[in-house]
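Engineer: Chains as they are written, first to last, in my numbering: chain A, 1 to 145; chain B, 1 to 145.
Number of protein chains: 2
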Amino acid sequence: MSNNDKYDVLKLENQLCFPLYAVSKEIIKKYKPFLDEINLTYTQYITMMVLWAEKEIMVKDLGTKLFLDSGTLTPVLNGLESKGYVVRRRSEKDKRDMYAVITEEGMAVREKAVDIPAKLGGCISLEPEKAMMLYQILHEMMDNL
Amino acid sequence: MSNNDKYDVLKLENQLCFPLYAVSKEIIKKYKPFLDEINLTYTQYITMMVLWAEKEIMVKDLGTKLFLDSGTLTPVLNGLESKGYVVRRRSEKDKRDMYAVITEEGMAVREKAVDIPAKLGGCISLEPEKAMMLYQILHEMMDNL
DNA sequence: TTCGAATTGGTTGTGTTCAATTAATTGTGT
DNA sequence: ACACAATTAATTGAACACAACCAATTCGAA
Chain A
1 MSNNDKYDVL KLENQLCFPL YAVSKEIIKK YKPFLDEINL TYTQYITMMV LWAEKEIMVK
61 DLGTKLFLDS GTLTPVLNGL ESKGYVVRRR SEKDKRDMYA VITEEGMAVR EKAVDIPAKL
121 GGCISLEPEK AMMLYQILHE MMDNL
Chain B
1 MSNNDKYDVL KLENQLCFPL YAVSKEIIKK YKPFLDEINL TYTQYITMMV LWAEKEIMVK
61 DLGTKLFLDS GTLTPVLNGL ESKGYVVRRR SEKDKRDMYA VITEEGMAVR EKAVDIPAKL
121 GGCISLEPEK AMMLYQILHE MMDNL
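1. Can you list, in chain order, the residues of its chain whose CB lies under 8 Å from that of S24 (chain B), leaving out five sequence neighbours each side?
2. Taking 8 Å as the threshold (beta carbon to beta carbon), is L35 (chain A) in contact with chain B?
3. Let me check one thing: in DSSP terms, what residues is A100 (chain B) bridge-paired to?
4. Assuming the contact rule is C-beta atoms closer than 8 Å, L73 (chain A) and V59 (chain A) should be a hit. Round their C-beta distance to whole Å, please.
5. Taking the alpha carbon of Q15 (chain B) as the point to measure from, which residue in A:D143, A:M132, A:L145 and A:G84 has its own alpha carbon closest?
6. In chain order, what residues of the same chain have a beta carbon less than 8 Å from the beta carbon of S70 (chain B), not counting five sequence neighbours either side?
7. Once the 5 residues before and after E56 (chain A) are set aside, which same chain residues still bring their CB inside 8 Å of it?
8. What separation, rounded to the nearest whole angstrom, lies between the Cα atoms of K11 (chain A) and E127 (chain B)?
9. Given a limit of 9 Å on CB to CB distance, which residues of the segment 1-27 of chain A reach chain B?
10. What does the alpha-carbon distance come out to for the pair P33 (chain B) and S125 (chain A)?
11. Going by beta-carbon coordinates alone, are Y31 (chain B) and L138 (chain B) separated by less than 8 Å?
12. Please tell me whether A108 (chain B) has its Cβ less than 8 Å away from any Cβ of chain A.
13. V109 (chain B) and V114 (chain A): beta carbons closer than 8 Å?
14. Output needed in chain order: residues of the segment 125-140 of chain A with a Cβ under 8 Å from some Cβ in chain B.
15. Less than 8 Å separating the beta-carbons of F67 (chain B) and E26 (chain A)?
16. Please confirm whether L20 (chain B) and L51 (chain A) have their CB atoms less than 8 Å apart.
Okay, structure coming up:
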């Protein structure tokens, strides 16, 4: 049989987090050529996904949805604002609240982004049942974290 | 039925990459308090995992195993070298090749790290069959990327 | 042999990502 | 009304992460 010792738990091939981390990064790399075409980074892209759906959202709620804090979101929104895709507006009711609001130009980008998911699917070979299983397990983990 | 349109593919909840990215980050955050105790970052930790097993490895091969390039690995190895856990040595045969070699002090850290996987398991509630399924799917994806 | 391509690690620049702190504002208890 | 806690975004600092480029070295074909 294979010899094993108490240090086996520290082997890279026995980790669950490492493949999660590696696969995540590699897939994001595959997005790059497609996102370059529409001049968005991956972080800007997932931010736009929320804005395409919500039109307007508080920065705090954006952070909750994306698992990002203001230290990440502030520069991302600066970038999107400088492109003219988003404007920020402070709430009148509560001046602490900052809203990100998508512009017409920002909505227009969705037309150019709509083909990206299909293009990316072509880069990743994964049987549908496995993709579904992966999706379900990851969402269960997200809910528990 | 639910109303849906061609933009549904751009919704955050229909993505496979996003939960991968989010769960990966959240788990790495859970490592932080345990890694702080032994004064390692996550990137240094996975680098040490390879070195604990291999003792000595070319920087190029380290990058292949960890899915990292020299732009990331060079500062990580600088940090580990300044802690005294690693030394670097150029190959005599081919002076382009750089080897990272673990020190006695580096090997000694393994004793303090050996409890971390179990501690982290306690932070993540995932049934064993799902963990196994996730492991298998991710490794299949790593092989295909 | 010699010149050009390929390999390897380092460097630089941009963009995250998070922890910790700060400033402004609002809520709460007395 | 007033002190104090809580909330929200922004800022700062450290560590990634990758693309693009560079210097040194080795390889390989004519």
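Every residue, glycine too, gets a C-beta built ideally from N, C-alpha and C. None of these values were measured; they are calculated from a predicted model.
Structural biologist: Looking at the atomic coordinates:
1. Cβ neighbours of S24 (chain B) beyond the five flanking positions: none.
2. Not closer than 8 Å to any Cβ of chain B, the Cβ of L35 (chain A) fails to qualify, so no.
3. For A100 (chain B), which the question treats as bridged, DSSP gives the partners B:I57 and B:R88.
4. The distance from the Cβ of L73 (chain A) to that of V59 (chain A) is about 6 Å, consistent with a contact at the 8 Å cut-off.
5. Checked all of A:D143, A:M132, A:L145 and A:G84; the closest Cα to Q15 (chain B) is A:M132.
6. Non-local beta-carbon contacts of S70 (chain B) in its own chain, meaning distances under 8 Å to residues more than five positions away in sequence, involve V59 and G63 in chain order.
7. A distance below 8 Å between beta-carbons, with the five flanking residues on each side excluded, links E56 (chain A) to the following residues of its chain, in chain order: Y99, A100, V101 and I102.
8. Rounded to whole angstroms, the separation of the alpha carbons of E127 (chain B) and K11 (chain A) is 21 Å.
9. Here the close residues are K6, Y7, V9, L10, K11, L12, E13, N14, Q15, L16, C17, F18, P19, L20, Y21, A22, V23, S24, K25, E26 and I27.
10. So the alpha carbons of these two residues sit roughly 36 Å apart.
11. Between Y31 (chain B) and L138 (chain B), the C-beta spacing is not below 8 Å.
12. Interface flag for A108 (chain B) against chain A is unset, since no Cβ pair is found closer than 8 Å.
13. In terms of Cβ geometry, V109 (chain B) and V114 (chain A) do not form a close pair [threshold 8 Å].
14. Correct list: S125, L126, K130, A131, M133, L134, Y135, I137, L138, H139 and E140.
15. E26 (chain A) sits close to F67 (chain B), with the two beta carbons spaced by under 8 Å.
16. Result no, Cβ atoms of L20 (chain B) and L51 (chain A) do not sit closer than 8 Å.
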